[in-house]
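Visitor:
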Amino acid sequence: MSGRIAVFAASSLTDAFADIADAFLDVHPSADVVLNVGGSSRLAAQIAEGAPADVYAAADSDSMAALVGAGDAADTPVTLATNTSQIIVASGNPLGLAGLDDLADPELVVVVCAVQVPCGSYAAQILDNAGVDLTPDSYEQNVKAVATKVTSGEADAGIVYVTDVGAAGDAADGVVIPPDVNVTASYPMVVTDGAANPVGGRAFVDFVLGEVGQDILEQYGFGPP
Amino acid sequence: MSTSDRNIERPSAGRRSPTSERLPWPALVLALLAIAFFALPFVGLLWRAPWGTVGDVLSSSSVRTALWLSIRTSLASTALAALFGIPLAWLLARVAFPGRSLVRALTTLSMVLPPVVAGVALFASLGRNGLVGRYLDDWFGLRLPFTTTGVIVAQTFVAMPFLVLTVEAALRQLNPGIEDAARTLGASRWYVFSRVTLPTIRPALAAGAVLAWARALGEFGATITFAGNFPGETQTMPLATYLALETDPDEAIILALALIAVSFTVLVGLRERWLGGLRP
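Those protein sequence lines, which keep their order, are chains A and B.
Using this note's numbering, you'd call the opening residue of the first sequence number 2 and step up by one each time.
Using this note's numbering, you'd call the opening residue of the second sequence number 13 and step up by one each time.
#1: According to DSSP, is Ile160(A) helix, strand or coil?
#2: So for Arg34(B), helix, strand or coil by DSSP?
#3: Ser92(A) CB to nearest chain B CB: under 7 Å?
#4: Along the beta strand (DSSP E) that carries Asp33(A), what are the first and last residues, could you check?
#5: Does the stretch 148 to 155 of chain B come close enough to the stretch 64 to 78 of chain B to have 3 or more Cβ pairs within less than 8 Å?
#6: Name the residue from Phe18(A), Ala10(A) and Leu26(A) whose alpha carbon lies nearest to the alpha carbon of Met2(A).
#7: Would you tell me roughly how many angstroms separate the C-alpha atoms of Leu44(A) and Ala186(A), rounded to the nearest one?
#8: Drop a sphere of 10 angstroms on the beta-carbon of Pro137(A), count the other beta-carbons inside from all chains shown, and report buried for 16 or more, exposed for fewer.
#9: Pull the bridge partners of Val1(A) from the DSSP assignment, please.
#10: Which chain B residues are close to Tyr140(A), counting only those with a beta carbon under 7 Å from its beta carbon?
#11: To the nearest angstrom, how far is the alpha carbon of Cys114(A) from that of Asp171(A)?
#12: Can you give me the C-alpha to C-alpha distance between Leu125(B) and Gly131(B), rounded to a whole angstrom?
#13: Alpha carbons only, please: which of Val34(A), Gly51(A), Ala59(A) and Gln47(A) is nearest the one belonging to Ser1(A)?
#14: Taking contact to mean at least 3 C-beta pairs separated by less than 8 Å, is the stretch 74 to 88 of chain A in contact with the stretch 218 to 226 of chain A?
#15: Cutting at 6 Å between CB atoms, please list the residues of its own chain near Gly244(B), excluding the five before and the five after it.
#16: Which word fits Leu143(B), buried or exposed, when buried means at least 16 other C-beta atoms lie within 10 angstroms of its C-beta?
#17: Quick check on DSSP: helix, strand or coil for Met249(B)?
#18: Are any of the Cβ atoms in chain A nearer than 7 Å to that of Glu231(B)?
#19: Check whether the Cβ atoms of Pro38(B) and Glu155(A) lie closer than 7 Å to each other.
#20: Spatial neighbours of Ser122(B) within its chain, please: C-beta separation below 7 Å, excluding the five flanking residues on both sides.
#21: Since Phe135(B) meets chain A, which of its residues come closer than 8 Å, beta carbon to beta carbon?
#22: State the Cα-Cα distance for the pair Met13(B) and Ala194(B), rounded to the nearest angstrom.
#23: Is there a Cβ from chain A that is less than 7 Å from the Cβ of Arg18(B)?
#24: From the DSSP output, in three-state form, read off Asn84(A) for me.
#25: Just by C-beta distance, which residues in the stretch 94 to 128 of chain A are closer than 7 Å to chain B?
#26: Shortest alpha-carbon distance to Gly40(A) belongs to which of Gly72(A), Gly51(A), Met65(A) and Ser31(A)?
#27: Can you tell me which of Val147(A), Gln117(A) and Ala91(A) puts its alpha carbon nearest to the alpha carbon of Ala1(A)?
#28: Pull up the DSSP beta-bridge partners for Ala196(A), would you.
#29: Look at Glu141(A) and Val147(A) and say whether their C-beta atoms are less than 7 Å apart.
#30: Between the stretch 31 to 62 of chain A and chain B, which residues of the former have a C-beta closer than 8 Å to a C-beta of the latter?
#31: Are the beta-carbon atoms belonging to Pro199(A) and Pro78(A) less than 7 Å from one another?
#32: Tell me which residue opens and which closes the alpha helix (DSSP H) that Phe9(A) is part of.
#33: Provide the residue span of the beta strand (DSSP E) that contains Ala173(A), from first to last.
#34: Please confirm whether Thr259(B) has its beta-carbon closer than 7 Å to some beta-carbon of chain A.
#35: Within 10 angstroms of its Cβ, does Arg140(B) collect 16 or more other Cβ (buried), or is it exposed?
#36: Quick one, which of Arg214(B), Val163(B), Val179(B) and Ala218(B) has its alpha-carbon nearest Trp102(B)'s?
Written out as structure tokens, the structure is:
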């Protein structure tokens, strides 16, 4: 196994995939994993425009469906992990927010993802399930932007993946969203049709699905596929 | 003031009509290539545009809201850039003070800063927990992030250097004799600046304002970082275009073309109005 493997992955996979790439390189020292992270749908669009990706990992099935529909998938996509959402608040939850109902307070600065990206469509579904009528202060471009707004103190709360609360470490805390209104996100992954290194790409996909990859994903708070 | 009136016309007196000169062919070829290089991406957009749905997209109220917000904020930030930028250019061009080159470098810093970093810098300074921003909130209840005012601040931050640099260069090239003459005749400093200096550098002023306005209109990174993205308040056309690209590239192309059409119309219109009158 060798050569450059370009992995296009959803923003929420940023830290876990960086660790998995390191572990992969320990096993395959002559390979070179290049991570390109961003919004799932934007990455799919980039691949459709000919961006040199070997592997694509999305945070939602719609983005993957778009990629498959455009004929850019070499295989059938496999689910690599699942994720749920949480309310992210400043460390120690200084405002004492207890749940989604509290977010409707107009005094709060609340940010969520734009509905055009997966985290935003999940947030909209969750708020709808909970019957909470929320007017956020901003629809952010990706989930990391939501987390950053809260950890930097510019926003009081946001809706992000459980894994993003974990990734924020000491800078943030999470408020649980009950399972009956929460939405489980499936992360599909595939080797692209135009892959310059399909062998390397398949090896990376197998590695993510294997024991080491799954352990790392679990450490970051992802659920099993 | 008849002496200075004659002098005011001087910068344009030597200007040739564009048709009176013929370029040597290598220069002409390079110039034509430059035109093609500028034009081709727009032709590409026009070629890719889904003309069947243009009407539907443009008539949607969300697009009109974003376009109107873009026009309002970019004009406001151009006005602010002129209000503060002209005196700053005056200071930099005419007053020798220690650290002048440092200040000049500082004013151009936001041009080289990646816009997203500019947004982070604005947070650190004017955000809710920023160096100055925390007092803005405590003392005046003024909150910039996630507000239309925040959009204008972000746009002004990245756009003002274009105006300052252009106006400063014009002020430095200006023949001081004109102003000296006016002052000899008893005019105050302010009178000379507003009635002699500014009218003389009108083309540079117009060019600087247009550059600043264009930069403000296209501003994306600092805005989405510092002001966020909310329809009608902070979602300008570039932000709406970026998000449309996530799900519907066709819509994004139409939005981009609409923004280009508006800016092109304004730029051509202003050129005729401000610069056209100076041609012999």
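The beta carbon of each residue, even a glycine, is placed where N, CA and C say it ideally should be.
Guide: Looking at the atomic coordinates:
#1: strand
#2: coil
#3: no
#4: Ala32 to Gly39
#5: no
#6: Leu26(A)
#7: 18 Å
#8: buried
#9: Here chain A comprises residues numbered 2 to 226, so residue 1(A) is not present and cannot be evaluated.
#10: Asn241 and Phe242
#11: Distance between the alpha carbons of Cys114(A) and Asp171(A) is about 22 Å.
#12: 10 Å
#13: Residue 1(A) is absent from the model: chain A starts at 2 and stops at 226.
#14: yes
#15: Thr77
#16: exposed
#17: helix
#18: no
#19: no
#20: Ala130, Phe169, Val170 and Pro173
#21: Within chain A, the residues Ser153 and Glu155 have their CB atoms less than 8 Å from the CB of Phe135(B), given in chain order.
#22: Confidence in Met13(B) is poor, its pLDDT being 40 and thus under 50, which makes the residue's placement unreliable; the coordinate value appears in the next sentence. Straight-line Cα distance between these residues: approximately 7 Å.
#23: With a pLDDT of 43 at Arg18(B), under the threshold of 50, the modelled position of that residue is not reliable, and no figure is offered here.
#24: strand
#25: Val110, Val112, Ala115, Gln117 and Val118
#26: Met65(A)
#27: In the structure displayed, chain A extends from 2 to 226; residue 1(A) sits before or after that span and is not available.
#28: DSSP output for Ala196(A) lists no bridge partner at all.
#29: Yes. Within cutoff.
#30: Gly40, Ser42, Arg43 and Ala46
#31: Inclusion of Pro199(A) and Pro78(A) in the CB contact set at 7 Å is not warranted, their separation being larger than that value.
#32: Here Phe9(A) belongs to no alpha helix (DSSP H); instead the beta strand (DSSP E) covers Gly4 to Ala11.
#33: Ala173 to Val177
#34: yes
#35: buried
#36: Relative to Trp102(B), the option among Arg214(B), Val163(B), Val179(B) and Ala218(B) whose CA is nearest is Val179(B).
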